[in-house]
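Heads up: the sequence lines are chains L and E, in that order. Numbered by the numbering used here, the letters in the first sequence go through residues -3 to 587 in order. Numbered by the numbering used here, the letters in the second sequence go through residues 209 to 427 in order.
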Amino acid sequence: MSEAGAAVHAEHEREGFVRHYIFSKDHKMIGRQFLFAGLVMLIVGGLLAMMIRWQLGWPETPLPITGLFSEEFWDGDSWLAQTLPYGTITSEFYNALFSMHATIMIFFVVVPIMVGAFGNFLVPIMIGARDMAFPTLNMLSFWTAVPAYILILLSFFVPGGAAAAGWTSYSPLAAVPDYLGVAGPWGVNLWCISLIILGFSSLMGSINYITTIVNMRAPGMTWFRLPLIVWAIFIVSILLLLAFPVLTAALGMLLFDRLFGTHFFLPEGGGDPLLWQHLFWFFGHPEVYILVLPAMGVTSEILPVFARKPIFGYRAMVYSMIAIAFLSWIVWGHHMFQSGMDPALGTAFTLTTMIIAVPSAIKTFNWLGTLWGGSIRFPTPMLFALGFVFLFTIGGLSGIFMASTPVDIFIHDTYYIVAHIHYVVAGIIFGIFAAIYYWFPKMFGRMLNETLGKIHFFLTFVFFNLTFFPMHFLGVGGHMRRIYNPLHYEFLEPLQGINVFISVMALCLGASQLFFLANFLWSLFFGRRASENPWQANTLEWTAPSPPPHGNFLTAPVVYRGPYEYSSPEVAEDWLPQTRRVEVASAGGHG
Amino acid sequence: MLSWLPEGVSTYARDIDLVFYVIYYITGFVFVLVTVLLVWFLIKYRRQEGRPAVYSHGNTMLELVWTIVPAMVFITLSLVSQSTWARIKAFAPPGDVEVRVVAKQFGWEFHYPGPDGRFDTEDDKMFEGELHVPVNKVVRLYLRSQDVIHSVFIPNVRLKQDAVPGREILAWFEATKPGRYEIPCAELCGPGHSGMKGWLTVLSAEEYRQWVEAQWPAS
Ligand code: HEM
Ligand SMILES: [Cu+2]
Ligand SMILES: [Cu+2]
């Protein structure tokens, strides 16, 4: 440790504070920056969700903040008094709440944490490289994202408020400022601009990951010895590289429609509202796999470590990710079954959508196969990874309902979709927590507290399911998504009890995250110091000091085998690092 | 879970619900299977002194099974879905009653062609938010929108179809039970989206005749 500590320290002095912590080119520091940015946005997005649930549970009841301020304050024209009159959520603000909640969670939390933070931190070190292929581009990628973050947050405060046309911004609602009925056009404009900027950031990141993984693998690190998380980031980078420009183009067109009078998506000038949907979902469906593949990768890293067993069907895991990557381009129409698109196309998209569920099924069964015959331990990262497997199973299965065109007639645009989204996308947050609990020791050189971690897991798991599972019932009951007040409808009155229940559970789910916040902040400064390899894991990052110094490795690693050689008969211990040379006739193992 | 479904009151509601049930039982079975295996493995293979993990990289046979079986199930489900979908969305039967639905922020207009059976003539009549149809007759709806995208949703009928500006989209249903049913808008269409709704009134043949007579007296 002292050696590494000295190295880190020397690095500090050479670089100075700004170069080290702010405009850093070190992939690990950039990874940490993305992590902090993503976690801050997770808090913001979570608070928006709490407000959404407040409104749905107790429609048009003032938030419990009303009493904090005086009558004069609420009569005044401060931002808060205007946005939340007497603490009550208006329908305009409600639409902004769910639009921004989804935008923030998808674009500013999951991708930055999974790809930006863990991609950055892990890719070079897990393939045995000293850094990314283009460290300056890497720094630029983070600092290009920063204005996107600032603009999206700022958009709450412009006249008319933040974007309120949904995270999908269907046109003409989003293309004509007047249709949103708010005092100014800048919410959606800033939404477009922010995402366009974010697109450039992700482009720089993905080129960097692809180049790094192709060119900078350590001697012996063949493609089929790559850890599955690296495969996931590799495939996700390709998807990002190809998908995000489509969104950027569509956003540009939308912005032109709004600002310069073009009619790409407006029928009165010869445009077509469905064109937006095709472009958006052509990006949007690959995007959902961009979100989930890294979480699958994290799970595939963690299950073998704590089952002390090789991953079941390594190659099938890789091939199924590749299959997902290809198929994800030809399923987008399943979001448009009821849109007015030719019903014959619907049939084709049902078939492709059903087929893309196959690789997801393979992965789930392979995870079960990994657990079979293991010697399983249950530290917090393992609990969250198992939680992800369970939630993903539910989310994948609920997708089958929507993939079936006739069933989708009924459940499209209902809470059934909301349940599905959250079992998959919010389930990814379990993957994120698993990754944080697992790699925190490497990232920050200290351990997270296990007891707090376990409490955090159990509360989160229980309240997550109590929050999101009943949403299936609402959807089956016909409860539309994106409605401000369910009591506007007679047929939804009998369902209001479920809404209240969900809201209470959601507030508990939100409150449970305080255990994580406390644990994270406390451990950052006072956690037990982490050893080099606290989990007795095989992959290369655990051969570097915790935290690794600039350049990562004290001696350049050479790789002799695949990443999941646990309980190998070749050695007495139940783990066999990728870098360890074994002097036996049969050296090399699998892979 | 499916007991939450609103009562189905159209000819195709039963078909949709049937596919719903088929998928529900299949996915329900898979869910129970995976969960039971997961929990069972976690208990059975928890760490125990002196019992090392099995050193195994997989089993090709098993992997083939769990690739091919789901693939066959999923392809079958697509085929099962296909015929119902085509009947509902692709091949609309000739209409006994035809209504033009014009969606706008924030309500439905129902235009009836009147006794001459043709739209855009003198005897057309428009009803704000009220759709009257006879039971056991095919009703054709021609969906238009004046401004943004809306979506006609009649939960009891199992009908959902977006109304897109710049297009006319055909939807149809045949109600099987007289009564009053809500018609919410299912697609976010602006600040008044919540509460944008109309009512479908399904009348017996006799009641419908009387209603028509009351609306177009002279004819
Ligand atoms: C495994 C098989 C899956 C199938 C068969 C499936 C199927 C579908 C279908 C058909 C829809 C459109 C439903 C509708 O709007 O009527 C949908 C929506 C959605 N899916 Fe999936 N899905 C699967 C997995 C995933 C995964 C892994 C993710 C994300 C990580 C995901 C995220 C979403 C999201 C975010 C939406 C809603 C988008 C919106 O309208 O706002 N799905 N899914
Ligand atoms: Cu999709
Ligand atoms: Cu609407």
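For glycine and all other residues, C-beta sits at the position ideal for the given N, C-alpha and C. For clarity, every value in this text was computed on a predicted model and none was experimentally measured.
Exercise. Which residues of chain E have a Cβ atom closer than 8 Å to the Cβ of residue 201/L, listed in chain order?
Worked result: Ordered by position in chain E, no residue passes the 8 Å Cβ test against residue 201/L, which lies about 31 Å from the chain.
Exercise. CB residue 560/L to CB residue 300/L, shorter than 9 Å?
Worked result: yes
For this session: Using 10 angstroms around the beta-carbon of residue 333/E, count the other beta-carbons present and answer buried if the total reaches 16, otherwise exposed.
Result: exposed
For this session: Take the Cβ of residue 554/L as the centre, count every other Cβ of all protein chains shown within 10 Å, and call the residue buried at 16 or more, exposed below.
Result: exposed
Exercise. Should the region 442 to 449 of chain L be called in touch with the region 486 to 503 of chain L, which here means at least 3 C-beta pairs below 8 Å?
Worked result: no
Exercise. First and last residue of the alpha helix (DSSP H) that includes residue 225/E?
Worked result: 221 to 252
For this session: Name, in chain order, the residues that DSSP records as bridge partners for residue 362/E.
Result: 367/E
For this session: Could you tell me which chain E residues have their CB closer than 8 Å to the CB of residue 484/L, listed as they occur along the chain?
Result: 402, 403 and 405
Exercise. Cβ of residue 263/E less than 9 Å from any chain L Cβ?
Worked result: yes
Problem set entry | Neighbouring residues, chain L, relative to residue 290/E (Cβ below 8 Å) | 343, 346 and 401
For this session: Answer yes or no: do residue 412/L and residue 91/L have a C-beta to C-beta separation smaller than 9 Å?
Result: no
Exercise. Grouping DSSP H, G and I as helix and E and B as strand, with all else coil, what is residue 169/L?
Worked result: coil
Problem set entry | From 209/L, 172/L, 461/L and 114/L, residue whose alpha carbon lies closest to that of residue 263/L | 172/L
Exercise. For residue 209/L, which residues of its own chain have a beta-carbon under 6 Å away from its beta-carbon, when the five flanking residues on both sides are left out?
Worked result: 230
Problem set entry | Own chain partners of residue 125/L with C-beta closer than 6 Å, once the 5 adjacent residues on each side are dropped | 212
For this session: With a floor of 4 residues, list each alpha helix (DSSP H) that falls wholly inside the region 186 to 268 of chain L, ordered by position along the chain.
Result: 224 to 256
For this session: Run the proximity test for residue 280/L: is its beta-carbon closer than 8 Å to any non-hydrogen atom belonging to ligand 2?
Result: yes
Exercise. For the alpha helix (DSSP H) that contains residue 372/L, what are its first and last residues?
Worked result: Note, residue 372/L: premise wrong, no alpha helix (DSSP H); not H, not E.
Exercise. Are at least three pairs of beta-carbons, each pair with one atom in the region 178 to 185 of chain L and one in the region 358 to 372 of chain E, less than 8 Å apart?
Worked result: no
Exercise. Comparing the C-beta of residue 389/E with each C-beta of chain L, is any distance below 9 Å?
Worked result: yes
Exercise. Going along the chain, which residues of its own chain have a beta-carbon closer than 7 Å to the beta-carbon of residue 570/L, five neighbours each way excluded?
Worked result: 304, 562 and 563
For this session: Using a Cβ cut-off of 7 Å, pull out every chain L residue sitting near residue 359/E, in sequence order please.
Result: 334 and 409
For this session: Following the continuous beta strand (DSSP E) through residue 318/E, name the residue where it begins and the one where it ends.
Result: 315 to 320
Exercise. Hey, how far is the Cα of residue 166/L from the Cα of residue 277/L?
Worked result: 11 Å
Exercise. Mind checking if residue 373/L is an interface residue toward chain E, Cβ cutoff 9 Å exclusive?
Worked result: yes
Exercise. Taking the alpha-carbon positions, what's the residue 79/L to residue 67/L distance?
Worked result: 15 Å
Problem set entry | Simplified DSSP assignment, three categories, for residue 431/L | helix
Problem set entry | DSSP state of residue 375/E mapped onto helix, strand, coil | coil
Exercise. Which of helix, strand or coil does DSSP assign to residue 502/L?
Worked result: helix
Exercise. Taking the beta strand (DSSP E) that residue 16/L falls in, what are its first and last residues?
Worked result: Counting along the chain, residue 16/L falls outside any beta strand (DSSP E), and DSSP gives it neither H nor E.
For this session: Determine, using beta carbons only, whether residue 172/L comes closer than 9 Å to chain E.
Result: yes
Exercise. Is it buried or exposed for residue 49/L, if we count other Cβ within 10 angstroms and need 16 for buried?
Worked result: buried
For this session: Using a Cβ-Cβ cut-off of less than 7 Å, list which residues of the region 72 to 104 of chain L approach chain E; keep chain order.
Result: 87, 88 and 91
Exercise. Is DSSP giving residue 569/L helix, strand or coil here?
Worked result: coil
Exercise. Which same chain residues, not among the five before or five after residue 135/L, have their C-beta less than 7 Å away from its C-beta?
Worked result: 19, 20, 21 and 26
For this session: Quick one: which residues of the region 295 to 315 of chain E get their C-beta closer than 8 Å to a C-beta of chain L? List them in chain order.
Result: 296, 297, 298 and 313
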